[in-house]
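There are 2 protein chains.
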Amino acid sequence: MTADAPAQTPRIWTAALIVIGDEILSGRTQDKNVAQVATWLNVQGIRLKEVRVVADDMDAIVEAVNLLRARNDYLFTTGGIGPTHDDITVDAIAQALEVDVVIHPVARAMLDGYYATRGGLTEGRLRMARVPDGAELIENRMSGAPGIRIGNLFLMAGVPHITAGMLDALTGTLEGGLPLLSVTLGCWVAESEVADLLGSTERAHEGCQIGSYPFFREGRVGANFVIRSTDQVRLDACALALTSALEATGREVTPGGI
Amino acid sequence: MTADAPAQTPRIWTAALIVIGDEILSGRTQDKNVAQVATWLNVQGIRLKEVRVVADDMDAIVEAVNLLRARNDYLFTTGGIGPTHDDITVDAIAQALEVDVVIHPVARAMLDGYYATRGGLTEGRLRMARVPDGAELIENRMSGAPGIRIGNLFLMAGVPHITAGMLDALTGTLEGGLPLLSVTLGCWVAESEVADLLGSTERAHEGCQIGSYPFFREGRVGANFVIRSTDQVRLDACALALTSALEATGREVTPGGI
Chain A
1 MTADAPAQTP RIWTAALIVI GDEILSGRTQ DKNVAQVATW LNVQGIRLKE
51 VRVVADDMDA IVEAVNLLRA RNDYLFTTGG IGPTHDDITV DAIAQALEVD
101 VVIHPVARAM LDGYYATRGG LTEGRLRMAR VPDGAELIEN RMSGAPGIRI
151 GNLFLMAGVP HITAGMLDAL TGTLEGGLPL LSVTLGCWVA ESEVADLLGS
201 TERAHEGCQI GSYPFFREGR VGANFVIRST DQVRLDACAL ALTSALEATG
251 REVTPGGI
Chain B
1001 MTADAPAQTP RIWTAALIVI GDEILSGRTQ DKNVAQVATW LNVQGIRLKE
1051 VRVVADDMDA IVEAVNLLRA RNDYLFTTGG IGPTHDDITV DAIAQALEVD
1101 VVIHPVARAM LDGYYATRGG LTEGRLRMAR VPDGAELIEN RMSGAPGIRI
1151 GNLFLMAGVP HITAGMLDAL TGTLEGGLPL LSVTLGCWVA ESEVADLLGS
1201 TERAHEGCQI GSYPFFREGR VGANFVIRST DQVRLDACAL ALTSALEATG
1251 REVTPGGI
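Protein sequences appear in the order of chains A and B. Read in order, the letters of the first sequence are residues 1 to 258 in the numbering used here. Read in order, the letters of the second sequence are residues 1001 to 1258 in the numbering used here.
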């Protein structure tokens, strides 16, 4: 290797997310976990690569789990780890991994403590101590039931603020790469008027992607342009070039977006 | 066939949805199209069976399109049909279907009219008239660019209120089955305390599914139980049974949910 050897492309760490639940597919519940998990992953230097929403259906979960855990560094699931009959995530993961479902002694002790003053550990509640054999627990400060980690799989709650607590417990524990940085530039312009300019600016700045997000507000059209890169220097250069190019057409650019 | 022959299970029509866009996977944008499309499909008597969120990446879109269009009656996509370089949905669908991309003459005329007083039809804007060969247009009253229909595929906008307009234009045009009906019952109870009761009630009512959606509000835990069925009589019977069973434990039930 010499100093002139081409720089190695930094490894990109990826994750997938499976959102489990009939309530999302029926439109009853607006999912909030995709955005929450995505944002958290970015900070860990892990890229959310794909998301699937599947029903409370064993075969659908098993199919998605086995495909996505193989082609990503990490796989997260949200939903289906509660105490009721429609909570089948643990069973589905165990089936996908071909392991048994067992009662985790620490989860059982945690639930015992939590429910000591709340009516005791019933059979229904004990369901929340079931894990695929070989799993570790993810701490849950919000309620009694823990999340579950097994291999590169992370089973989280469906209720967003409980998921948030579990993500918090995982912060800093997952190996990742360079975080994806971004700069947003807002402009009162129809994106169609600057489509060519956006394309040529992106092509001229390797390692940067430019996304265009149009909106219609106060009777006017505008767009936010989001530049993403793992390299701060390249990102800044691209943002500067795009700002100059937009200003050269006589438009004002709002750093941070509109 | 006699009057005693078992009733034929009604055909269930299914759809899948592919949400296309880096902005969803980066966490920048909170998706609203899953819930919107799901709710609209329910009214058409079509069940949203699975959702995937994929990046603005040709291979990822093609893979998802070819799998999901084959195993569902309908496939919807949202996002990536605008005028900029990151809008690659039309090209990806054409590649998946192995057809060319062509300029649709009606779309071109619509855009011509729309942009006549808005600076004219530039090359960037003309991109929005590109369709996979053989496609029809879906009306868009909100802005110039139409949605696209080809075979069992429906390409919609990413911006939710434009998607809403396109769904509106499609209302009543897609064959479906019996709409999925639902009843919601709210109760101030920890779902873990009634887990067995929920499971046994569901098992006793064929053709009904009961979902349990816990919450924590005003310092108390509670849950909404959503019963779903395509059969109104069975649905009502199941709702009555669950109400009675919950009331028999000394709890109040709130019809419509809490």
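Glycine is no exception: its CB is placed at the ideal position from the N, C-alpha and C atoms. No experiment lies behind these values; they were computed from the predicted model shown.
(request) Please list the partners that residue 287 (chain A) has in chain B, where partner means a Cβ-to-Cβ separation under 8 Å. (result) Nothing can be reported for residue 287 (chain A), as the shown portion of chain A is limited to 1 through 258.
(request) Just confirm the distance between the C-beta atoms of residue 180 (chain A) and residue 1051 (chain B), as a whole number of angstroms; I'd bet it's less than 8 Å. (result) Contact doesn't hold; Cβ gap of about 23 Å is too wide.
(request) List the endpoints of the continuous beta strand (DSSP E) containing residue 1181 (chain B). (result) Per DSSP, residue 1181 (chain B) belongs to the beta strand (DSSP E) from 1181–1187.
(message) Run through chain A and tell me which residues come within less than 7 Å of residue 1042 (chain B), C-beta to C-beta.
(response) 26, 27
(message) Between which two residues does the beta strand (DSSP E) holding residue 14 (chain A) run?
(response) 13–20
(message) Just to confirm my understanding: we take residue 1074 (chain B), look at its own chain, exclude 5 residues before and 5 after, and list those with CB closer than 7 Å. What are they?
(response) 1015, 1046, 1152, 1154, 1174
(request) Measure the beta-carbon distance from residue 182 (chain A) to residue 207 (chain A) and round it to whole angstroms, keeping in mind my assumption that it falls under 8 Å. (result) So it is not a contact: roughly 13 Å between Cβ atoms.
(request) For the alpha helix (DSSP H) holding residue 1128 (chain B), just list the boundary residues, first then last. (result) It is not in any alpha helix (DSSP H) - residue 1128 (chain B) carries neither H nor E in the DSSP assignment.
(request) Select from A:192, A:59, A:231, A:250 the residue whose C-alpha is nearest the C-alpha of residue 1122 (chain B). (result) A:192
(request) Establish whether the CB of residue 1050 (chain B) and some CB of chain A are separated by less than 7 Å. (result) yes
(request) Verify the CB distance criterion: does residue 100 (chain A) have a CB-CB separation below 7 Å to chain B? (result) no
(message) Residues of chain B with CB closer than 9 Å to the CB of residue 54 (chain A), please, in chain order.
(response) 1049, 1050, 1051
(request) Using beta-carbon positions only, say whether residue 125 (chain A) and residue 111 (chain A) come within less than 7 Å of one another. (result) yes
(request) Just the chain A side, please: which residues come within less than 9 Å of residue 1212 (chain B) by C-beta, in chain order? (result) 82, 83, 84, 85, 86, 87
(request) Name the two residues that bound the continuous beta strand (DSSP E) containing residue 229 (chain A). (result) 220–229
(request) Below 8 Å CB to CB, which residues in the same chain sit around residue 1 (chain A) once its five sequence neighbours on both sides are set aside? (result) Unreliable placement is indicated for residue 1 (chain A), whose pLDDT of 43 sits below 50; no coordinate value is reported for it.
(request) Can you tell me the Cβ-Cβ gap for residue 1101 (chain B) and residue 1132 (chain B), rounded? I've got them flagged as a contact below 8 Å. (result) Taking a contact as a CB-CB distance under 8 Å, the pair residue 1101 (chain B) and residue 1132 (chain B) counts as one, their CB atoms being some 6 Å apart.
(message) Between residue 78 (chain A) and residue 158 (chain A), how many whole angstroms is the CB-CB distance? I'm expecting something under 8 Å.
(response) Approximately 5 Å separates the beta-carbon atoms of residue 78 (chain A) and residue 158 (chain A); this is inside 8 Å, confirming the contact.
(request) Please classify residue 1211 (chain B): does DSSP put it in a helix, a strand, or coil? (result) strand
(message) Taking the alpha-carbon of residue 1240 (chain B) as reference, which of B:1023, B:1185, B:1189, B:1251 has the nearest alpha-carbon?
(response) Closest by alpha carbon: B:1185.
(request) Kindly say whether residue 1139 (chain B), judged by its beta-carbon, lies nearer than 7 Å to any beta-carbon of chain A. (result) no
(request) Taking 7 Å as the cut-off, decide whether the C-beta atoms of residue 33 (chain A) and residue 163 (chain A) are in contact. (result) yes
(request) Note down, in chain order, every chain B residue with its Cβ under 9 Å from the Cβ of residue 159 (chain A). (result) 1213, 1214, 1215, 1216
(message) So, for residue 66 (chain A): in the same chain, excluding its five sequence neighbours on each side, which residues have a beta-carbon less than 6 Å away from its beta-carbon?
(response) 96
(request) Using a Cβ-Cβ cut-off of less than 9 Å, list which residues of the region 1164–1193 of chain B approach chain A; keep chain order. (result) 1180, 1182, 1184, 1190, 1191, 1192, 1193
(request) Look at the Cβ atom of residue 1064 (chain B), then the Cβ atom of residue 1053 (chain B), and state whether they are nearer than 7 Å. (result) The answer is no: Cβ separation not under 7 Å.
(request) Check whether the Cβ of residue 125 (chain A) lies closer than 7 Å to any Cβ atom in chain B. (result) yes
(request) Would you mind giving the Cβ-Cβ distance between residue 1084 (chain B) and residue 237 (chain A), rounded to the nearest angstrom? I have them listed as a contact below 8 Å. (result) So it is not a contact: roughly 20 Å between Cβ atoms.
(request) In angstroms with no decimal places, state the Cα-to-Cα distance between residue 70 (chain A) and residue 18 (chain A). (result) 14 Å
(message) Determine, for residue 1232 (chain B), whether the minimum Cβ-Cβ distance to residues of chain A falls below 7 Å.
(response) no
(request) Kindly indicate which residue of A:68, A:167, A:201 has the alpha-carbon position closest to the one of residue 226 (chain A). (result) A:201
(message) Since residue 213 (chain A) and residue 223 (chain A) should fall inside the 8 Å C-beta cutoff, what is the C-beta to C-beta distance between them, to a whole number of angstroms?
(response) 6 Å
(message) So, for residue 1113 (chain B): in the same chain, excluding its five sequence neighbours on each side, which residues have a beta-carbon less than 7 Å away from its beta-carbon?
(response) none
(request) For residue 39 (chain A), decide whether its Cβ has a neighbour in chain B, counting only Cβ atoms nearer than 7 Å. (result) yes
(request) Note the first and the last residue of the continuous alpha helix (DSSP H) segment covering residue 106 (chain A). (result) 105–115
(message) Let me make sure I understand the geometry here. Which of A:218, A:176, A:160 has the alpha-carbon closest to that of residue 1216 (chain B)?
(response) A:160
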